[in-house]
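Enquirer: Going line by line, the protein sequences match chains Y and P. Here the first sequence is numbered in my numbering, starting from 1 and rising by one per residue. Here the second sequence is numbered in my numbering, starting from 1001 and rising by one per residue.
2 protein chains.
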Amino acid sequence: MARAVDRVYTRLRADILDGVHPAGARLGEAELAGATGSSRTPVREALRRLEVEGLVEILPHRGARVPDWTPEDLEEIYDLRMLLEGAAARRAATRIEPEDTARMAELCELIERCCAPGGAQDLDRVAELNAEFHGIVRTASASGRLVSMLNSVTQLPLVMRTFHRYSPGDLDRSCAHHRELVAALRAGDGTWAESVTRAHVLAAKAVLLRAASAEVSAEETSPRND
Amino acid sequence: MARAVDRVYTRLRADILDGVHPAGARLGEAELAGATGSSRTPVREALRRLEVEGLVEILPHRGARVPDWTPEDLEEIYDLRMLLEGAAARRAATRIEPEDTARMAELCELIERCCAPGGAQDLDRVAELNAEFHGIVRTASASGRLVSMLNSVTQLPLVMRTFHRYSPGDLDRSCAHHRELVAALRAGDGTWAESVTRAHVLAAKAVLLRAASAEVSAEETSPRND
DNA sequence: CTGGGGTCGATTGCATGCAACATAGACACT
DNA sequence: AGTGTCTATGTTGCATGCAATCGACCCCAG
Chain Y
1 MARAVDRVYT
11 RLRADILDGV
21 HPAGARLGEA
31 ELAGATGSSR
41 TPVREALRRL
51 EVEGLVEILP
61 HRGARVPDWT
71 PEDLEEIYDL
81 RMLLEGAAAR
91 RAATRIEPED
101 TARMAELCEL
111 IERCCAPGGA
121 QDLDRVAELN
131 AEFHGIVRTA
141 SASGRLVSML
151 NSVTQLPLVM
161 RTFHRYSPGD
171 LDRSCAHHRE
181 LVAALRAGDG
191 TWAESVTRAH
201 VLAAKAVLLR
211 AASAEVSAEE
221 TSPRND
Chain P
1001 MARAVDRVYT
1011 RLRADILDGV
1021 HPAGARLGEA
1031 ELAGATGSSR
1041 TPVREALRRL
1051 EVEGLVEILP
1061 HRGARVPDWT
1071 PEDLEEIYDL
1081 RMLLEGAAAR
1091 RAATRIEPED
1101 TARMAELCEL
1111 IERCCAPGGA
1121 QDLDRVAELN
1131 AEFHGIVRTA
1141 SASGRLVSML
1151 NSVTQLPLVM
1161 RTFHRYSPGD
1171 LDRSCAHHRE
1181 LVAALRAGDG
1191 TWAESVTRAH
1201 VLAAKAVLLR
1211 AASAEVSAEE
1221 TSPRND
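1) Please say whether Val153/Y and Arg1145/P have beta carbons closer to each other than 8 Å?
2) For Arg1026/P, count neighbouring Cβ atoms within 10 angstroms of its own Cβ and tell me buried if that reaches 16, exposed if not.
3) Apart from the five residues on each side of it in sequence, which residues of its chain come closer than 6 Å, Cβ to Cβ, to Glu194/Y?
4) Measure the CB-CB distance between Arg1003/P and Pro60/Y and report whether it falls below 8 Å.
5) What's the call for Val126/Y, buried or exposed, on a 16-neighbour Cβ count within 10 Å?
6) On the three-pair Cβ rule with 8 Å, is the segment 1161-1169 of chain P touching the segment 1034-1054 of chain P?
7) Pull up the DSSP beta-bridge partners for Arg26/Y, would you.
8) Identify the contact partners of Leu1083/P in chain Y, using a Cβ-Cβ distance below 7 Å as the criterion.
9) Looking at chain Y, is there any beta carbon in it that lies within less than 8 Å of the beta carbon of Arg1013/P?
10) In the DSSP assignment, find the unbroken beta strand (DSSP E) run with Leu1156/P in it and report its ends.
11) Check this for me: beta carbons of Leu1129/P and Leu1150/P, under 8 Å apart or not?
12) How big is the Cα-Cα spacing for Cys1115/P and Arg49/Y?
13) What do you reckon, are the CB atoms on Ile77/Y and Leu156/Y nearer than 8 Å?
14) Helix or strand or just coil, what does DSSP make of Asn1225/P?
15) Which bits of chain Y does Leu1080/P rub up against, with CB to CB less than 9 Å?
16) Looking at Asp68/Y and Gly19/Y, is the spacing between their C-beta atoms short of 8 Å?
17) With C-beta atoms as the reference, is Ala92/Y less than 8 Å away from Leu185/Y?
18) State yes or no: is the beta carbon of Glu45/Y nearer than 8 Å to at least one beta carbon in chain P?
19) Please report how far the alpha carbon of Arg1165/P lies from the alpha carbon of Leu1209/P, in whole angstroms.
20) Using only CA atoms, which one of Ile1096/P, Asp1073/P, Ala1046/P and Val1005/P lies nearest to Val1159/P?
21) Checking the sheet assignment: what are the DSSP bridge partners for Glu57/Y?
22) For Ala1140/P, count the other beta carbons within 10 Å of its own beta carbon; 16 or more makes it buried, fewer makes it exposed. Which is it?
23) Is there a C-beta anywhere in chain Y that falls below 8 Å from the one on Arg1003/P?
24) Express the C-alpha separation of Arg173/Y and Leu202/Y in angstroms, rounding to a whole number.
25) When DSSP labels each residue in this structure, what does Gly118/Y get in the three-state scheme?
26) Leaving out five residues on either side along the sequence, give the residues of the same chain with a beta carbon under 8 Å from the beta carbon of Ala1211/P.
27) List the residues of chain P that Arg244/Y touches, going by C-beta distances under 7 Å, in chain order.
28) Quick check on Pro42/Y: buried or exposed, where buried means 16 or more other Cβ atoms within 10 Å of its Cβ?
29) Please go through the same chain and pick out, in chain order, the residues whose beta-carbon is closer than 7 Å to the beta-carbon of Thr1094/P, but skip the five residues on each side of it.
30) Which residues in chain Y sit within 7 Å of Pro1060/P, going by Cβ to Cβ distance?
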């Protein structure tokens, strides 16, 4: 990570994903250059990279903004994610190593512990462990293009903070899916792995759609103050 | 297209796709800047964009090159293309307008005429018409992300010049697929459309794999001179 | 009070200068 | 002869200056 452009890129990306720059925020080149201690050149490059990934939108002569997501975007994104994540699971079933499935089983334990209601519940950690869990499957799919496509539909602010919207029942089902996916991969059954994964993604989509429509009706009763 | 970076990007992309810069060719910033009449800055930006699209690979402090494709890449690319193009056809089946299917039927005619052996055969024109044909389906899928993903696995030198490897039988089958796809879309049957499309892509993959292995064995007998 | 035109400020887009890094070649040493 | 190091050279990476463009504000006419 010696290069300035990588520092800027990584930080900016993390900041967008963590909500430091909320949807609609303006991203001035000079401003970011000052904040990161570099000049405008690496900032420009980082912004262009993020534009291609869909994390920022750039209007000619008008600068960069963080795009905001419509319900149609959400539909699109989750349909694609179902398709791609399912394909990755299918490929992984015949390629994954036992040590990988072992680590996945371990992660199931850890995730379930962090999901348990009470003081020990830590949904941010769940998101982190969940990312590692699915990351193993993607890596095992042994398709670089597939991985990068998946990143472009999962490395999004909307998707990253999704666990905070899960009900206890949603969390249980998610964990059950994880267990089943491990079983499918251990069995080397690509169709099984793909099916579970698709169900897993569609369940997540349903949660998000439910949460989104709830937010809309909440906004209707109490107008926001911005 | 007023901006210099767009000019450079478009031209460089076209040159790579047309084989002006063959696989493995080195792309120096200063050299390209001179050739396009601009400075290094827009060239750098264009190269970065092409890197994300997978059309060039950039090594830190070592410059940009046109990547060369391994048989594994080809497998990956066509598997993804089958998946995505199939999904696009499925979505398109319930969204496409009659005027679009009418144009597709027209294109079938034109393509078949250009495929016919003899003096009128024009495979470059086939590639062009074929691109329009499938472009209509993609547009009708009404998913910007899906379209851009598809571009990243079809806008490749390898894929663009694929028709020159088709036998007469391959061409016939391809045309039959096109006709059937139009019928499926007119029927509004997503599953049918997806199935035909997947077959279409897999058939293309088989042609390419056959051609690739033939080239390899040809190289073994007569060493290349570069 | 409202709509149109013009000017000003701020920001992006591009060009260029300088420094850092990587490769290639020569040379000395084993 | 082979290998390791050192240097020379070309390239990329970054910083900054300048011009072009866009948006906002203000002024003025109706």
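Positions of the beta carbon are idealized from the N, C-alpha and C atoms, including for glycine. Being a predicted model, the structure only gives us computed values, none of them experimental.
Expert: The answer reads as follows:
1) Translated into positions along the second sequence, residue 1145/P becomes position 145. Translated into positions along the first sequence, residue 153/Y becomes position 153. Going by C-beta atoms, Arg1145/P is nearer than 8 Å to Val153/Y.
2) One-based indexing of the second sequence puts residue 1026/P at position 26. Looking at its Cβ environment, which holds fewer than 16 other Cβ atoms inside 10 Å, Arg1026/P is exposed.
3) Reading the first sequence from its first residue, position 194 is the one you call residue 194/Y. Gly86, Ala89 and Arg90, listed in sequence order.
4) Translated into the one-based positions of the second sequence, residue 1003/P becomes position 3. Translated into the one-based positions of the first sequence, residue 60/Y becomes position 60. Contact: yes.
5) The residue labelled residue 126/Y in the question sits at position 126 within the first sequence. Classification of Val126/Y: buried, given that the 10 Å Cβ count is 16 or more.
6) no
7) Position 26 of the first sequence, counted from the start, is the residue given in the question as residue 26/Y. Listed as beta-bridge partners of Arg26/Y by DSSP are Arg65/Y.
8) By one-based count along the second sequence, residue 1083/P stands at place 83. Neighbours of Leu1083/P on chain Y, chain order: Leu83 and Ala87.
9) Residue 1013/P sits at position 13 when you count from the first residue of the second sequence. Output row for Arg1013/P: interface = no.
10) Here residue 1156/P refers to the residue found at position 156 when the second sequence is read from its first residue. Note, Leu1156/P: premise wrong, no beta strand (DSSP E); not H, not E.
11) For the purposes of this step, residue 1129/P is taken as the residue at position 129 of the second sequence. For the purposes of this step, residue 1150/P is taken as the residue at position 150 of the second sequence. Against a cut-off of 8 Å, the Cβ pair of Leu1150/P and Leu1129/P comes out as no contact.
12) Position 115 of the second sequence, counting from 1, holds the residue named residue 1115/P. Position 49 of the first sequence, counting from 1, holds the residue named residue 49/Y. In a straight line, the C-alpha of Cys1115/P is about 41 Å away from that of Arg49/Y.
13) By one-based count along the first sequence, residue 77/Y stands at place 77. By one-based count along the first sequence, residue 156/Y stands at place 156. It is a contact, given that the beta carbons lie within the stated cut-off.
14) Taking the first residue of the second sequence as 1, we reach residue 1225/P at position 225. In this predicted model, Asn1225/P has a pLDDT of only 44, less than 50, meaning its place in the structure is not dependable; the value taken from the coordinates is given anyway. The answer is coil: DSSP assigns Asn1225/P none of H, G, I, E or B.
15) For the purposes of this step, residue 1080/P is taken as the residue at position 80 of the second sequence. In chain order, Leu84, Ala87, Ser143, Arg145, Leu146 and Met149 make up the part of chain Y whose C-beta sits under 9 Å from the C-beta of Leu1080/P.
16) Numbered from its first residue, the first sequence carries residue 19/Y at position 19. Numbered from its first residue, the first sequence carries residue 68/Y at position 68. Result no, Cβ atoms of Gly19/Y and Asp68/Y do not sit closer than 8 Å.
17) Here residue 92/Y corresponds to residue number 92 of the first sequence, with the count starting at 1. Here residue 185/Y corresponds to residue number 185 of the first sequence, with the count starting at 1. Going by C-beta atoms, Ala92/Y is nearer than 8 Å to Leu185/Y.
18) Position 45 of the first sequence holds residue 45/Y. So yes, Glu45/Y belongs to the interface.
19) Along the second sequence, one-based indexing puts residue 1165/P at 165. Along the second sequence, one-based indexing puts residue 1209/P at 209. Cα to Cα, the separation comes out at about 10 Å.
20) Counting from one through the second sequence, the residue named residue 1159/P turns up at place 159. Closest by alpha carbon: Asp1073/P.
21) By one-based count along the first sequence, residue 57/Y stands at place 57. Paired residue(s): Arg65/Y.
22) Residue numbering aside, residue 1140/P sits at position 140 when the second sequence is read from its first letter. The residue in question, Ala1140/P, is buried, as its Cβ has 16 or more Cβ neighbours within 10 Å.
23) Sequence index remark: in the second sequence, residue 1003/P carries index 3 (1-based). Answer yes: the Cβ-Cβ gap between Arg1003/P and chain Y drops below 8 Å somewhere.
24) Taking the first residue of the first sequence as position 1, residue 202/Y is located at position 202. Taking the first residue of the first sequence as position 1, residue 173/Y is located at position 173. In this model, Leu202/Y and Arg173/Y are separated by some 12 Å (Cα to Cα).
25) Along the first sequence, read from residue 1 onward, the residue named residue 118/Y stands at position 118. Reduced to three states, the DSSP call for Gly118/Y is coil.
26) As a position in the second sequence, residue 1211/P is number 211, starting the count at 1. The answer, listed in chain order, is Arg1165.
27) Since the displayed chain Y opens at 1 and closes at 226, residue 244/Y lies outside it and no answer follows.
28) Position 42 of the first sequence, counting from 1, holds the residue named residue 42/Y. By the neighbour-count rule (16 or more Cβ atoms within 10 Å), Pro42/Y is buried.
29) Position 94 of the second sequence, counting from 1, holds the residue named residue 1094/P. The residues are Gly1188 and Gly1190.
30) Along the second sequence, one-based indexing puts residue 1060/P at 60. Result: Arg3.
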